[in-house]
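Enquirer:
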Amino acid sequence: MSITPTSGRIIPRLRKDTILSLLEKDTRLDGRRLDEYREVIVAPGVIPKAEGSALAKIGSTTAIAGVKVGVGTPFPDTPDEGVLTVNVEFVPLASPTLEPGPPDENAIEIARVIDRCLREIRAVDIGKLVIIPGEKVYIIWLDVYILDHDGNVLDASMLAGMAALLNTKLPKVEIDEKKNVKIVREETTPLPVNHKVVTVSIAKIGSKLIVDPNLDEDDIIDAKITIGISDDGRIVGLQKAGSGVLTYDDLKLAMKYAKENAAKLLKILEEKSNTKVDLDDVLKSYIEGKILKHQVV
Amino acid sequence: MKEKPKLIDENGRRIDGRRPDELRPLRMEVGVLKNADGSAYVEYGNTKVIVAVYGPREIHPKHLTLPDRAIIRCRYHMTSFSTTERKSPAPTRREIELSKVIREALEGVIFTELYPRTSIDIFIEVLQADGGTRTAGITAASLALADAGIPMKDLVAGVAVGKIDGVLVLDINEVEDEFGEADLPVAMMPSFKEITLLQMNGVLSEDEFWEALKLAEKGVMEIYKAQKEALLNKYSRVKVEVEE
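Protein chains in written order, with my numbering: chain A, 1 to 297; chain B, 298 to 541.
#1: Name the chain B residues whose beta carbon is nearer than 9 angstroms to that of K240/A?
#2: Roughly how many angstroms lie between the CA atoms of A367/B and K224/A, to the nearest whole one?
#3: Using only alpha-carbon positions, find the residue among M158/A, L170/A, K68/A, L191/A that is nearest to I41/A.
#4: So that I know if they touch, is there some Cβ in chain B lying closer than 8 angstroms to that of M158/A?
#5: Please give the ranges of any alpha helix (DSSP H) in the region 127 to 204 of chain A, keeping only runs that are unbroken, at least 4 residues long and fully inside the region.
#6: Can you name the residues of chain A whose CB is closer than 7 angstroms to the CB of F408/B?
#7: Please list, in chain order, all residues of the same chain as T380/B whose beta carbon is under 6 angstroms from its beta carbon, the five residues on each side excluded.
#8: May I ask you to report which of helix, strand or coil DSSP gives H360/B?
#9: Three or more beta-carbon pairs under 8 angstroms between the region 415 to 429 of chain B and the region 344 to 356 of chain B, yes or no?
#10: Do you know whose CA, among K240/A, H149/A, N214/A, K178/A, lies nearest T97/A's CA?
#11: What is the rounded straight-line gap between the Cα of A160/A and the Cα of R28/A?
#12: Using a Cβ-Cβ cut-off of 8 angstroms (strictly less than) and excluding sequence neighbours within five positions of L403/B, which residues of its own chain qualify?
#13: DSSP beta-bridge partners for G335/B?
#14: Per the DSSP calculation, A63/A is bridged to which residue(s)?
#15: Indicate whether at least one CB of chain A lies closer than 8 angstroms to the CB of L363/B.
#16: Which whole-angstrom value is the C-beta distance of M518/B and P487/B, which I expect to be below 8 angstroms?
#17: Identify the continuous alpha helix (DSSP H) that holds R15/A and give its terminal residues.
#18: Run down chain A in chain order and give the residues with a C-beta less than 7 angstroms from the C-beta of F506/B.
#19: Check whether the region 496 to 509 of chain B touches the region 453 to 469 of chain B, taking contact to mean three or more Cβ pairs, one atom from each stretch, closer than 8 angstroms.
#20: Less than 7 angstroms between C-beta atoms, sequence neighbours within five positions excluded: which residues of the same chain meet that for G405/B?
#21: Taking the DSSP output, what are the residues bridged to N498/B?
#22: Between the region 186 to 195 of chain A and the region 114 to 132 of chain A, can you find at least three pairs of beta-carbon atoms closer than 8 angstroms?
#23: Helix, strand or coil, according to DSSP, for I10/A in the structure here?
#24: So, does the CB of I393/B fall closer than 8 angstroms to a CB anywhere in chain A?
#25: Beta-carbon of L246/A versus every beta-carbon of chain B: anything under 8 angstroms?
#26: Kindly say whether E120/A, judged by its beta-carbon, lies nearer than 8 angstroms to any beta-carbon of chain B.
#27: Distance cutoff 8 angstroms, beta carbons only. Does E503/B sit that close to anything in chain A?
#28: Which residues of chain B have a Cβ atom closer than 7 angstroms to the Cβ of I108/A, listed in chain order?
#29: On the DSSP letters alone, give me the boundaries of the beta strand (DSSP E) that R116/A sits inside.
#30: Which residues share a DSSP beta bridge with G428/B?
#31: Give me the DSSP bridge partner(s) of R311/B.
#32: With a cut-off of 8 angstroms on the beta carbons, I'd call I227/A and I235/A a contact; round off their distance for me.
#33: Decide if the region 200 to 213 of chain A is in contact with the region 16 to 36 of chain A; the criterion is three or more beta carbon pairs, one per stretch, under 8 angstroms apart.
#34: From which residue to which residue does the alpha helix (DSSP H) around R534/B run?
#35: L320/B and E340/B - do their beta-carbons sit closer together than 8 angstroms?
Below is the structure:
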């Protein structure tokens, strides 16, 4: 059962009023323009033991994604396709309001939005993940963990997840005469990826639309629209959240903001997909308060 | 694997004979349950949903109470026999997500500030699923809320637009959803043309998205008309009874 949230973070009235009055002047508490995204870091390959991984930061919002690859049976209705499973976990270290336990409706919603954005456009070419048709296929588990919650965790999760998929090395398999499949993790090929996909979330506060809400803004939104956009410019997913309403004009402006920012995010994914960084370096960037210059391998 | 059927025939008709911009036959009844404070039954073709509303009523557990308004609790649930293969009655990830988006689609419409420290509970049971269950659920839920006498800015009507064989079509059924290219559920406050639910699963160009939204609005307006008739129907019956 979905219940009106009553135990969230409490934002001081004074700060809320400040955010609202600044929005009237088309500025924001952190100095951004309404259509301005925070600084983005994408660091692929931070967990070498995973077949694919990436850490993404949007401002101080941090998400880490890992891909594990296994072998299993396909779904009966799709015998000629591998399986892609997306899961998002809000762990208690990410925010004082989060508690341990199975994913709640917010985590499930984010995971399902990411899943949908990847699925229909076949961002991962699951048709190429068949080992024995109808019997054995690759199973790709994409798990995203939120490490630091400063708003807009959906975009951060999508960014980390996409970067992790781009970074994934698919292990070879050996099949014996009894059709037993053995994974050979030493030999790999890149995971077949057809499209890069990003999401851009736009929040509505009062009558104003803002791109990439931070946590203070996220806590006072009326509505939010997340738009999934592929590298060929198509819309691959939409999700409205929040109990407020959206007008046609809101959607028109949101679409414009989404396209502009999606281009920037896709460019970052493109540039960063073959860089190599260490986890401590990228986490340290929070302390240093600056974006690291990654060395291209 | 099932073969993909031809979804649009050479005459431009859909698998159930409809034109692209045609809704399935609508049926709506208000006040169908004795115990609930408000209730409604809605059919979009073979999709059948029943909704009960309880409240405003006291909240248990008490700590969920809000001092300045009512909370909304919403459960979207599919009966185990509503689908081709039996569905486990335990809530799935899909049902958990839909309960949330449906709650949000209705919450902004209800004057919750009129009933502080109470809960308004919305229970949606899908009796038979043939595509468009969440939108039929929202349509029925807003009728049930109205039946419970809960003040709202407007009714909410929902419908899903799909893209099948390259054509945008209104009110998709299960086969069209399964083999189509996109599914766009929309719910609106019809009098204000404001969107309270919007999701999309699939791939659309931007032009197609705007066209799909326009098609959804057309469907919403037709459903809204049927909603008002259903409400009028029940209360004109009540009026006759009172006069007798």
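Even glycine gets a Cβ: it sits at the ideal position worked out from N, Cα and C.
Expert: According to the structure shown:
#1: Sequence index remark: in the first sequence, residue 240/A carries index 240 (1-based). Chain B residues near K240/A: V398, E401, A402, I492, T493, L494, L495, Q496.
#2: In the second sequence, residue 367/B corresponds to position 70, counting from 1. In the first sequence, residue 224/A corresponds to position 224, counting from 1. Each residue's Cα considered, the two are about 22 angstroms apart.
#3: Counting from one through the first sequence, the residue named residue 41/A turns up at place 41. The residue with the shortest Cα to Cα distance from I41/A is M158/A.
#4: Along the first sequence, read from residue 1 onward, the residue named residue 158/A stands at position 158. M158/A does not count as touching chain B.
#5: 153 to 166
#6: Residue mapping note: residue 408/B aligns to position 111 of the second sequence, counting from 1. Under the 7 angstroms cutoff, chain A gives no residues; its nearest Cβ is about 13 angstroms from F408/B.
#7: Along the second sequence, read from residue 1 onward, the residue named residue 380/B stands at position 83. Correct list, in chain order: A426.
#8: Along the second sequence, read from residue 1 onward, the residue named residue 360/B stands at position 63. Helix at H360/B.
#9: yes
#10: On the first sequence, residue 97/A is found 97 positions in, with the first residue counted as 1. Of K240/A, H149/A, N214/A, K178/A, the residue nearest in Cα terms is H149/A.
#11: Translated into the one-based positions of the first sequence, residue 160/A becomes position 160. Translated into the one-based positions of the first sequence, residue 28/A becomes position 28. Spanning the two alpha carbons is a distance of roughly 26 angstroms.
#12: Position 106 of the second sequence holds residue 403/B. Hits under 8 angstroms: I369, C371, I419, I435, A438, S439, L442, V453, T493.
#13: Within the second sequence, residue 335/B is the residue found at index 38, counting from 1. Per DSSP, V350/B.
#14: In the first sequence, residue 63/A corresponds to position 63, counting from 1. In the DSSP output, where bridge partners are listed per residue, A63/A has A56/A, I146/A.
#15: Against the second sequence, residue 363/B aligns to sequence position 66. Yes, its Cβ sits closer than 8 angstroms to a Cβ of chain A.
#16: Sequence index remark: in the second sequence, residue 518/B carries index 221 (1-based). Sequence index remark: in the second sequence, residue 487/B carries index 190 (1-based). With 8 angstroms as the limit, M518/B and P487/B qualify as a contact, their Cβ atoms being about 6 angstroms apart.
#17: Counting from 1 along the first sequence, the entry for residue 15/A is found at position 15. Per DSSP, R15/A belongs to the alpha helix (DSSP H) from 13 to 24.
#18: In the second sequence, counting from the first residue as 1, residue 506/B sits at position 209. Residues of chain A passing the Cβ test: I235.
#19: yes
#20: Position 108 of the second sequence, counting from 1, holds the residue named residue 405/B. Closer than 7 angstroms at Cβ, skipping near neighbours: T493.
#21: By 1-based counting over the second sequence, the position of residue 498/B is 201. For N498/B, which the question treats as bridged, DSSP gives the partners G237/A, D480/B.
#22: yes
#23: On the first sequence, residue 10/A is found 10 positions in, with the first residue counted as 1. Note: I10/A maps to coil in three-state DSSP.
#24: For the purposes of this step, residue 393/B is identified with residue 96 of the second sequence, where counting begins at 1. Cβ-Cβ to chain A under 8 angstroms: yes for I393/B.
#25: Locating residue 246/A in the first sequence gives position 246, where the first residue counts as 1. Chain B, which has a Cβ nearer than 8 angstroms to the Cβ of L246/A, makes this yes.
#26: Here the question's residue 120/A lines up with position 120 in the first sequence. E120/A counts as touching chain B.
#27: Translated into positions along the second sequence, residue 503/B becomes position 206. Yes, its Cβ sits closer than 8 angstroms to a Cβ of chain A.
#28: The residue labelled residue 108/A in the question sits at position 108 within the first sequence. Within chain B, the residues near I108/A are R390, I393, E394.
#29: On the first sequence, position 116 is the one that residue 116/A refers to. Looking at the DSSP string, R116/A is not in any beta strand (DSSP E); the run it does join, the alpha helix (DSSP H), is 105 to 119.
#30: Position 131 of the second sequence, counting from 1, holds the residue named residue 428/B. G428/B pairs with nothing; no bridge assigned.
#31: Numbered from 1 along the second sequence, position 14 holds the residue referred to as residue 311/B. Checking the DSSP bridge columns, you'll see R311/B partnered with I305/B.
#32: Here residue 227/A is taken as the residue at index 227 of the first sequence, counted from 1. Here residue 235/A is taken as the residue at index 235 of the first sequence, counted from 1. Right, the Cβ-Cβ distance comes to about 6 angstroms (below 8 angstroms), so this counts as a contact.
#33: yes
#34: Taking the first residue of the second sequence as position 1, residue 534/B is located at position 237. 503 to 540 is the span of the alpha helix (DSSP H), which, as asked, contains R534/B.
#35: The residue labelled residue 340/B in the question sits at position 43 within the second sequence. The residue labelled residue 320/B in the question sits at position 23 within the second sequence. When the beta-carbon positions are compared, E340/B and L320/B stay at least 8 angstroms from each other.
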